[in-house]
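Residues in the sequence shown are numbered consecutively from 4, following my numbering. Where a beta carbon is used, it is the ideal one built from N, C-alpha and C, also for glycine.
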Amino acid sequence: MEDDKHNRGTVTEKGLVLGEPGDESTHSIYRLVLVGVGGVGKSCITIQYISHKFIKEYDPTLEDSYRKQITFEDEECILDIFDTAGQEDFSAVRDQYMRTGAGFLIVYAVTLRSSFEEVANFRDQILRAKDSDDIPIVIVGNKIDMGSERKVSTEEGQDLANKLGCKFIESSAKMNINVAECFTTLVANIKAFRNKYNNAPPSNILTRPPKRKHCTLY
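Structure below.
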């Protein structure tokens with residue numbers, strides 16, 4: 004269950020709140036990274052979740068970071084969300100965030116088969132960056148509101164997720180369908196991962212990447 008705190012700071016034209024993080028001492032921090040090719044809606048999913056707005060036009064992302072505080076399963080959580088660029092030119096930046104993320108959303112568009120075909124490659128990149136075969140990952144098929152243009156079936160998405168050992172969700176950032184579920188499912192996976200390793204995940208999971216653009220919502 005999410006519980007948005009009172010907004011503090013300056014609201015930008017994108018509906019995001021800029022401000023300083025609050026007291027983190029009693030909160031669990033989850034660093035979530037979105038990856039996928041360009042144009043699949045990673046930024047739209049993130050902004051819909053953070054600010055409950057759908058952005059029709061958005062500049063190609065280099066890297067944006069956002070912060071959201073929620074209550075999930077009776078736990079106060081801070082989500083540090085990193086939205087990475089899909090373009091190959093920014094692969095070095097994306098790899099850096101793969102190394103420091105605790106969990107990942109691999110996003111493709113159900114209207115763009117080529118984006119679906121890259122999902123396994125992104126998953127392999129994550130495993131290489133983390134040097135592990137056991138990483139919390141949710142595969143997200145976005146743009147289900149565009150049913151007449153669908154090129155990838157739900158069954159194909161689920162089959163691939165099963166093959167790769169990942170959770171699977173279909174979403175629509177535009178219609179706000181399953182957007183929150185993408186993030187809460189990933190948080191649940193990370194919690195299970197941490198419990199599996201007795202709350203002592205590898206140190207690189209807890210490493211904070213360099214500060215860039217950062218938005219906070221309470």
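Taking M101 as the centre and dropping the five residues before and after it, the same chain places the C-beta of I129 and A132 closer than 6 Å to its C-beta, in chain order. In this structure, the beta-carbon distance from K146 to V43 falls below 9 Å. Minimum Cα-Cα distance from F171 among the listed residues I142, S135, I138 and D134 corresponds to I142. At a Cβ-Cβ threshold of 9 Å, F186 and Y52 count as neighbours. Residue pairing from DSSP places L35 in a beta bridge opposite I84 and G106. For V143, the uninterrupted beta strand (DSSP E) segment begins and ends at I140 to N145. Runs of the alpha helix (DSSP H) lying entirely within the segment 137-187, each at least 4 residues long, are 157-167 in chain order. When DSSP states are grouped into helix, strand and coil, Y52 belongs to the helix group. With the rule of 3 Cβ pairs closer than 8 Å, the segment 75-83 does not count as touching the segment 149-168.
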